[in-house]
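A.B. asks: Sharing a structure with you now.
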Amino acid sequence: MLKMTPLNQVHRDMNAKMVDFGGWDMPLHYGSQLDEHHKVRQDAGMFDVSHMLPVDIKGENVRGFLRQLVANNVDKLTLPGKALYSCMLTPQGGIIDDLIIYFLSETWFRIVVNAGTADKDVAWMSKQRDALAPHLDITPRRDLAMVAVQGPNARAKVWQVIPGSEAATAELKLFQSAEVGPYFIARTGYTGEDGFEIILPAAEAPVFWKALHAAGVAPAGLGARDTLRLEAGMNLYGQDMDESRNPLESGLAWTVDLKSERDFIGKQALLDTQATQQLVGLVLVDRGVLRGHQVVVGEKEGKEYQGEITSGGFSPTMNQSIALARLPAPIAGNDEVHVVVRDKKLRARVAKYPFVRNGKVLV
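One point on numbering: in the numbering used here, the residue at position 152 of the sequence shown is 954, and numbering is uninterrupted.
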């Protein structure tokens, strides 16, 4: 039996093509994945991300617990509503999940985790809580829904729908949030465009979705979400990273604080590791389509090496195929490599990602 978000019937009423996404019944598209992609880049689109899970951690010294739980340093969070992107690691340095942490007060932090890892994440948090801070309460919030509204006009259209939201959120910088009535509004996203991710009571989600649609926000499904995040060079858990990979070889070194004296789970493993692989961008020169798990071959100092595409696909904005690939470190930008596609070697160029941000091609 597939799990359903509070918006499931609304998607069906909008004639969405529904698919099984990690055990959730989710919309792939509402007619045209390509149109949905362009709508987000050029105007505003909305995604049901209620399959993701907000987890509230409350009690005395939550900050002290999170200092040890995650690889980034929550001491960076000094302003209520500020958010931090981080990874939660195994003792061996593997990535259990990537997540966003919101600082609401010294006794309340909210963590949003991925759908496919939610049960594992909560179990891991609870295990560490029992060992490090048994007085804390960890509460998964399946009573809440999440809607991402993304695009150059996304914020203005949200302001039309939520009374008082413009005054409360107009000055928010990226990775900041504010509460407006029942709405928890964060200036975050997974598309490379401006916008909000909004957490609200599950029962109110259908009315909110319909109001956004009436304001001109286009519904968008998983298909457009994936092409948008690939163009933005954003990792997808289970493809670009997992427990077998550490952040240093997954393009996520910037989410790890190794400089402070603070200890955290997986820190020693990272200190003992010399990253021999790196995540890079690829732009296909020849005709074809790049896909995950395709072999990448190149030459470095006269020796041939192999790597692998972790995420690949066609970029609607660039009108060519792009990918994220894990290759031996260090590989310089603009190096030419070959990708094996159906027994043919197609030329590709190594590029620094993101490929597209705020509607502009960067490579």
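C-beta: ideal position from N, C-alpha, C; glycine also.
With respect to the alpha helix (DSSP H) encompassing A1013, which residues constitute its N-terminal and C-terminal limits?
C.D. replies: From DSSP, the alpha helix (DSSP H) with A1013 extends over A1007 to A1016.
A.B. asks: Taking only three categories from DSSP, how would you classify H1095?
C.D. replies: Note: H1095 maps to coil in three-state DSSP.
A.B. asks: Can you tell me the Cα-Cα spacing of V1141 and N1037, whole angstroms?
C.D. replies: So the two alpha carbons sit approximately 20 Å from each other.
A.B. asks: Out of G918, A1153 and T807, which one is the CA nearest neighbour of E1138?
C.D. replies: Measuring from the Cα of E1138, the nearest candidate turns out to be A1153.
A.B. asks: Run through DSSP, which three-state label would R1149 get?
C.D. replies: DSSP places R1149 in strand when its eight states are reduced to three.
A.B. asks: Quick check on the burial criterion: 16 or more other C-beta atoms within 10 angstroms. Buried or exposed for A1150?
C.D. replies: Buried is the call here.
A.B. asks: As an exercise, report each continuous alpha helix (DSSP H) stretch of at least 4 residues that is fully enclosed by the stretch 820 to 881, in chain order.
C.D. replies: Segments of the alpha helix (DSSP H) lying fully in the stretch 820 to 881: 835 to 844 and 864 to 871.
A.B. asks: Less than 9 Å between the beta carbons of S852 and A980, yes or no?
C.D. replies: Going by C-beta atoms, S852 is not nearer than 9 Å to A980.
A.B. asks: Over what stretch of residues does the beta strand (DSSP E) that includes M890 continue unbroken?
C.D. replies: Where M890 is concerned, the enclosing beta strand (DSSP E) stretches over A885 to L891.
A.B. asks: Taking D900 as part of the beta strand (DSSP E), name the residues at either end of that continuous run.
C.D. replies: Where D900 is concerned, the enclosing beta strand (DSSP E) stretches over I897 to S907.
A.B. asks: How do the stretch 943 to 959 and the stretch 1000 to 1011 stand: do at least 3 beta-carbon pairs fall below 8 Å, yes or no?
C.D. replies: In short, these stretches touch, since the Cβ pair count reaches three.
A.B. asks: Please list, in chain order, all residues of the same chain as G861 whose beta carbon is under 8 Å from its beta carbon, the five residues on each side excluded.
C.D. replies: Cβ neighbours of G861 beyond the five flanking positions: T909, A935, H937, L938 and D939.
A.B. asks: Three-state secondary structure (DSSP) at Q1079?
C.D. replies: Q1079: strand per DSSP, three-state reduction.
A.B. asks: From the DSSP output, which residues share a beta bridge with F977?
C.D. replies: Bridge partners of F977: none, in fact.
A.B. asks: Mind pulling the alpha helix (DSSP H) runs of 4 or more residues that sit fully within the stretch 1103 to 1158?
C.D. replies: Taking only runs of at least 4 residues, no alpha helix (DSSP H) segment lies wholly in the stretch 1103 to 1158.
A.B. asks: Tell me the DSSP secondary structure of P936 in three-state form.
C.D. replies: Note: P936 maps to coil in three-state DSSP.
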